[in-house]
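And the structure:
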């Protein structure tokens, strides 16, 4: 019976990392300087982008990293479920909306990963910028904003790659201030 109240492995670290991703995504710089729409969709896209960077990094750490990545994903969508309910979305539609959000996150993550892997090819930069313009700004990005965000993603990915996995397992905050990056 007492096993019902036990925390799952990595749960605390995952929530800490997810909270850091949300904090990073809420930085005013994204909305004021890059013109990311300050809407539910715009915020979801930036949270998803930051969670993608965490999950992408953790997947390079074998089974333990993948387990923590899954826990971060779980934390994200538990929070999405909670927030939808807080906004008054009915119980009957919350599951459907969360599933749509999961599908959107997976699609964006797949595209971002492919574009970042193609970094050496000229298409990699254009591919990532196009994906960001399509997803974050719905095709109406301010001039140069997608290029700036793509550059930030690349720098953050490289910086996170140098962080020891023990820091992630400890749930330590990881995202740099985009103004200083």
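Residue numbers (this note's numbering): 200 to 380. By construction, the Cβ of each residue, glycine as well, lies at the ideal position given by its N, Cα and C atoms.
Under the three-state reduction of DSSP output, residue 306 falls in the helix class. In the structure shown, residue 210 falls within a helical segment according to DSSP collapsed to helix, strand and coil. Contact annotation, residue 367 with residue 249: C-beta distance approximately 14 Å; criterion of less than 8 Å not satisfied. With distances taken between CA atoms, residue 317 lies nearest to 353 out of 302, 353, 282. A distance below 6 Å between beta-carbons, with the five flanking residues on each side excluded, links residue 355 to the following residues of its chain, in chain order: 252. With respect to residue 326, residue 314 sits close: the two C-beta atoms are nearer than 8 Å. Assignment of residue 218 by DSSP, reduced to helix, strand and coil, places it in the helix class. When the beta-carbon positions are compared, residue 210 and residue 268 stay at least 8 Å from each other.
In this structure, DSSP gives residue 370 a state outside helix and strand, which the three-state scheme calls coil. In this structure, residue 237 and residue 230 form a Cβ contact; the two beta carbons are roughly 5 Å apart against a cut-off of 8 Å.
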